[in-house]
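Numbering (the UniProt record's numbering), first residue to last: 1 to 251.
From the three backbone atoms N, C-alpha and C, an ideal C-beta is built for every residue, glycine too.
Here's the structure we're looking at; comments come further down.
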């Protein structure tokens, strides 16, 4: 078996982040997990005591990225990869009805906190020829009514990943859309998005849920975990859907 890797995972208490962390733990890797709620993180720590360290914290706070890096280095000695999975969807509001302050808050959650963690860990990742896997979205390349803040923040994530690839040749940086995944975010858009989303878009999301065709967190989460462990340098700087042909080796 290959040497276990040390991987930071954000947003690890539910959905894709939890599925990704569980996949890594079952494969024998060591993880440093973060989320605001500690309960699920503590459960993983009890089950995989030697492999898990966690920090229950708000990722948007200025000192959280530093604390995560130090936690990884203190307990495991190095960092092989960072999975930047956390994010928020709201405000789901048309631009004309929106608040610039709400956009700023969403960018703090989806972009600036991701930038801060990437920046903090780049020096350590250089030493291990490591990887950064960013969770993006299909909304980063398309547009849905009332999704302006979310989609624009994810487009910025794609471009951040591309810039890291250019500036850091020893680090593999990839942005991945996990598809329409059966998570709390999907529930939120079904329940809260109807008032402002285009009816055809809202109905399409609702139908996928009712028909049971949403992606399971374990499906795209497994691909994200595998990329964190072994993404090839030639993938760096690119954005992929989780089941793209280019990622067949990671399915």
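Non-local beta-carbon contacts of residue 94 in its own chain, meaning distances under 7 Å to residues more than five positions away in sequence, involve 145, 146 and 196 in chain order. Between the beta-carbon of residue 228 and that of residue 7 there is about 5 Å, and that keeps the pair under the 8 Å contact cut.
A distance below 7 Å between beta-carbons, with the five flanking residues on each side excluded, links residue 214 to the following residues of its chain, in chain order: 180, 181, 182, 186 and 208.
Classified as buried, residue 29 has 16 or more neighbouring CB atoms from the shown chains inside 10 Å of its CB. Closest in C-alpha terms to residue 21, from the list 218, 237 and 244, comes 218.
Beta-bridge partners assigned by DSSP to residue 30: 6. Annotation: residue 76 is outside any beta strand (DSSP E); the continuous alpha helix (DSSP H) that includes it extends over 64 to 76.
Rounded to whole angstroms, the separation of the alpha carbons of residue 4 and residue 153 is 33 Å. Here residue 172 carries a strand assignment [DSSP, helix/strand/coil].
DSSP places residue 250 in the helix class (H, G or I) of the three-state scheme.
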